[in-house]
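For the sequence shown, this note's numbering begins at 29 and goes up steadily by one. Shown next, in structure tokens, is the structure this report addresses.
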Amino acid sequence: MNSIANSSEETFFEVAEAGERIDRFLARQCQGADNRPDLQPLSRTRIKALIEAGHATIDGRVVLDAGHILKQGQRIALRVPEPEPAEPQGEDIPLAIVYEDDDLLVIDKPVGLVVHPAAGHESGTLVNALLAHCGDSLSGVGGVKRPGIVHRLDKDTSGLLVVAKNDRAHQGLAAQFADHGRTGPLERAYLAFVWGAARPYGTIETGIDRSTRNREKMAVVALGRGREAITHYSLVEALGSHGGQSLVSLVECRLETGRTHQIRVHMAHLGHPLLGDAVYGSGFKTKAALLPEAPRAVLAGLGRQALHARLLGFEHPVSGRHLVFESPLPADLTALAEALRGG
Numbered sequence: 029m030n031s032i033a034n035s036s037e038e039t040f041f042e043v044a045e046a047g048e049r050i051d052r053f054l055a056r057q058c059q060g061a062d063n064r065p066d067l068q069p070l071s072r073t074r075i076k077a078l079i080e081a082g083h084a085t086i087d088g089r090v091v092l093d094a095g096h097i098l099k100q101g102q103r104i105a106l107r108v109p110e111p112e113p114a115e116p117q118g119e120d121i122p123l124a125i126v127y128e129d130d131d132l133l134v135i136d137k138p139v140g141l142v143v144h145p146a147a148g149h150e151s152g153t154l155v156n157a158l159l160a161h162c163g164d165s166l167s168g169v170g171g172v173k174r175p176g177i178v179h180r181l182d183k184d185t186s187g188l189l190v191v192a193k194n195d196r197a198h199q200g201l202a203a204q205f206a207d208h209g210r211t212g213p214l215e216r217a218y219l220a221f222v223w224g225a226a227r228p229y230g231t232i233e234t235g236i237d238r239s240t241r242n243r244e245k246m247a248v249v250a251l252g253r254g255r256e257a258i259t260h261y262s263l264v265e266a267l268g269s270h271g272g273q274s275l276v277s278l279v280e281c282r283l284e285t286g287r288t289h290q291i292r293v294h295m296a297h298l299g300h301p302l303l304g305d306a307v308y309g310s311g312f313k314t315k316a317a318l319l320p321e322a323p324r325a326v327l328a329g330l331g332r333q334a335l336h337a338r339l340l341g342f343e344h345p346v347s348g349r350h351l352v353f354e355s356p357l358p359a360d361l362t363a364l365a366e367a368l369r370g371g
């Protein structure tokens with residue numbers, strides 16, 4: 029047998045007797061591996077995961093079913109991939125840096141960039157880019173997977189985000205974000221394109237909790253349940269008229285709390301889900317058919333929720349200066365606005 033400890037080489041096994049599941053067979057072969065330098069000890073759970081990930085073959089053919097029943101004389105090959113590093117690695121990813129000093133930097137995050145590593149996004153994230161740009165200077169308060177990250181934006185939300193470069197800055201910024209601007213200097217404003225004719229202004233105050241129907245979604249719940257969530261919104265522009273009514277509203281949202289998907293959940297709760305939001309606005313696809321051809325085509329190619337973090341203001345956690353940054357609509361949302369205006 030070839031050693032598979034800490035390597036991606038294959039180890040081969042011959043099936044002497046038929047009728048056993050492949051995961052049980054491989055687990056039994058590895059049970060005595062502590063005393064066998066040619067074979068790495070592997071749990072049955074680990075073996076099952078390797079099989080389902082395509083790392084096992086029978087007579088040269090990949091098998092993905094851990095419960096596959098073996099036949100006598102078959103030859104099994106098992107490959108254990110190289111272990112992935114426990115900590116994210118720096119990657120040369122371009123960053124749109126709006127401001128930077130010794131304590132922090134402000135990023136204008138593009139759409140599609142994930143903020144920190146997670147399942148399915150172990151690389152290519154903002155954290156990977158920051159590690160390459162800042163090296164060891166990043167704050168460690170956020171933990172191994174998210175050094176320097178004080179707050180986050182969804183993958184498909186663009187706009188302004190502040191990152192701490194040391195622990196003092198991180199703690200100072202985190203305190204402001206915990207207050208959400210209620211008594212402190214933090215200020216955040218987002219632009220959102222939503223379906224329907226929104227009122228001139230309003231406040232949404234509910235609880236937000238994970239949906240009991242779909243654990244990938246958040247949902248509005250009664251106050252006192254879930255976590256308190258408060259969003260203030262105001263109408264910026266009415267767009268795309270149909271039958272005397274606005275099909276789309278451009279609204280500015282200001283947050284008094286910072287819950288997962290808060291703006292998307294709250295606007296959908298009002299009956300005004302965000303354009304392009306496949307999670308919370310899928311029931312409004314028929315609205316798109318009412319749009320003229322040009323904006324309908326732009327929306328079809330948008331590929332994300334129409335949400336942009338346009339303003340970020342805070343007190344510098346070290347110098348005490350009040351800093352305010354603004355980000356214009358990115359090209360894709362500018363094109364959407366122009367198409368809706370008929371430009």
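The beta-carbon is built from N, C-alpha and C at its ideal position, and this holds for glycine as well.
Span of the beta strand (DSSP E), counted from its first residue to its last, around residue i
i    : result
L136 : The sequence shown places Asp at residue 136, rather than the Leu named in the question. Its beta strand (DSSP E) spans residues 132 to 137.
A225 : Premise fails: A225 is in no beta strand (DSSP E) and is neither H nor E.
V126 : 125 to 128
V276 : 273 to 283
R103 : 103 to 107
A84  : 84 to 86
R243 : Run containing R243: none; DSSP gives neither H nor E here.
E115 : That residue, E115, is in no beta strand (DSSP E); it is neither H nor E in DSSP.
S151 : Neither: S151 is in no beta strand (DSSP E) and is coded neither H nor E.
R373 : No information on residue 373 is available, as it lies outside the stretch 29 to 371 that the chain covers here.
Residues of its chain near residue i, where Cβ-Cβ distance is below 8 Å and the 5 sequence neighbours each way are ignored
i    : result
G252 : G235
N- and C-terminal bounds of the alpha helix (DSSP H) containing residue i
i    : result
R52  : 50 to 58
G290 : Before going on, a small fix: residue 290 reads as Gln here, not Gly. Per DSSP, Q290 belongs to the alpha helix (DSSP H) from 290 to 297.
R397 : The displayed coordinates of the chain run from 29 to 371. Any statement about residue 397 would go beyond what the structure contains.
H161 : 154 to 162
CA nearest to the CA of residue i, picked from the options
i    : options                : result
L98  : A105, I86, L303, V90   : I86
G286 : A367, A206, P323       : A206
A192 : S186, R292, T185, R180 : R180
F40  : R74, G88, Y261, G82    : G88
P175 : L339, P145, R103, G187 : P145
D130 : S355, H161, G47, E366  : H161
D237 : E244, V249, G230, Y229 : V249
R292 : T185, G47, R49, G254   : T185
G341 : L106, Y218, A81, R103  : Y218
V3   : P356, L357, E343       : Here the chain comprises residues numbered 29 to 371, so residue 3 is not present and cannot be evaluated.
V326 : E42, Q57, G304, E119   : G304
G163 : V307, G118, G331, A81  : G118
I104 : T73, Q57, G309         : Q57
N242 : T153, Y308, A46        : Y308
L166 : R196, V142, G140       : R196
R233 : R255, K245, T240       : Just to set this straight, residue 233 is Glu in the shown sequence, not Arg. Looking at the Cα atoms, R255 is the closest of the given residues.
P345 : I79, G212, A322, L298  : G212
Contact belief for residue i with residue j at Cβ below 8 Å, rounded distance in angstroms
i    : j    : result
H270 : L302 : H270 to L302, Cβ: 18 Å. No contact.
A334 : L364 : 6 Å
P20  : V155 : The chain is shown from 29 up to 371; residue 20 falls before or after that span and cannot be answered.
A202 : C281 : Contact doesn't hold; Cβ gap of about 22 Å is too wide.
H149 : V108 : 23 Å between Cβ atoms; not a contact.
A157 : P138 : The pair is not a contact, with the Cβ atoms about 11 Å apart (cut-off 8 Å).
Sequence-distant residues of its chain with Cβ nearer than 6 Å to residue i (five each side left out)
i    : result
N63  : In this prediction, N63 has a pLDDT of 45, which is less than 50 and means its spatial position is unreliable; what the coordinates show is noted afterwards. Answer for N63: no residue qualifies.
A226 : L263, S277, V279, H300
I75  : D51, L54, A55
Y229 : S262
Cβ neighbours of residue i in the same chain (closer than 7 Å, five flanking residues each side left out)
i    : result
H208 : L214, L283, E284, T285, G286
R369 : L267
T362 : none
Quiz prompt | Secondary structure, alpha helix (DSSP H): runs of 4+ residues fully inside the segment 176 to 219 | solution = Uninterrupted alpha helix (DSSP H) stretches at least 4 residues long and entirely within the segment 176 to 219 occur at 195 to 207, given in chain order.
Exercise. Only counting runs of 4 or more residues, tell me where the alpha helix (DSSP H) segments fall wholly within the segment 301 to 367, in order along the chain.
Key: The segment 301 to 367 contains these whole alpha helix (DSSP H) runs: 313 to 316, 321 to 328.
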